[in-house]
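Structure, as structure tokens:
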Amino acid sequence: MGAAQDDPGPPSRGAIGGSSNEAGAAFRSGVAAWIITHGLHGKDLPDLQLTSNQAVPVMVALEADYPVDDIAVTLYGGGKAFIQAKRSVYLSIKPTAEFFSVVQQWKNAVNHPDFNPTTDRLVLAVQIPSQPIRDLRR
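One point on numbering: in the working numbering, the residue at position 45 of the sequence shown is 45, and numbering is uninterrupted.
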């Protein structure tokens with residue numbers, strides 16, 4: 001090899017963004033694996049407020065062609081769970097905020113003609129939630 005290089009300085013914004021995207025993809029994959037495990041064991045996904053056995057996952061799609069596109073889960077009862085999987089989200093209504101984007105996708109999903117509010121569910125899965133996001137669960 002050649003001589004030792006000088007200190008390259010801080011990482012570029014592109015390098016940081018790429019690393020962040022990879023971490024987000026790893027979290028999304030982990031959520032999908034957790035969902036698939038429930039399906040393989042015939043277990044309902046928790047907290048969807050559906051009757052017993054109606055929330056068992058039977059099919060999982062990543063980056064699906066739906067308004068909420070991270071993970072689309074077809075459920076045994078015929079409904080779907082549309083999941084946004086984010087590493088971190090802060091409660092904000094600024095149009096550039098991640099939470100604003102999530103709510104916008106939920107709005108588009110609810111307004112989609114195929115959305116059934118009786119059997120379909122919108123979910124936000126967050127790896128590192130801020131306290132206000134955790135408080136929304138209540």
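The beta-carbon is built from N, C-alpha and C at its ideal position, and this holds for glycine as well. Given the structure is predicted, the values throughout are model-derived calculations rather than measurements.
Asked: Return helix, strand or coil for P57, following the three-state DSSP convention.; Found: strand
Asked: Note down the Cα distance separating I133 from A109, rounded to an integer number of angstroms.; Found: 21 Å
Asked: Assess contact between the region 115 to 123 and the region 80 to 92, defined as three or more Cβ pairs (one per stretch) separated by less than 8 Å. Is contact present?; Found: yes
Asked: What do you get for D135, buried or exposed, if any count of 16 or more other CB atoms within 10 angstroms of its CB means buried?; Found: exposed
Asked: Helix, strand or coil for P101 per DSSP?; Found: Pro is not the amino acid found at residue 101; the sequence shown has Ser there. Residue state, collapsed to three classes: helix.
Asked: My output table needs one value for P113: the three-state DSSP class, helix, strand or coil.; Found: coil
Asked: Between which residues of its own chain and P117 is the CB-CB distance below 8 Å, once the five residues before and five after are set aside?; Found: V110
Asked: Tell me whether G78 is buried or exposed, calling it buried when 16 or more other Cβ atoms sit within 10 Å of its Cβ.; Found: exposed
Asked: Could you give the first and the last residue of the continuous alpha helix (DSSP H) run that contains Q84?; Found: Note, Q84: premise wrong, no alpha helix (DSSP H); beta strand (DSSP E) at 80 to 89.
Asked: Does the Cβ of Q131 have 16 or more other Cβ atoms within 10 Å, making it buried, or fewer, making it exposed?; Found: exposed
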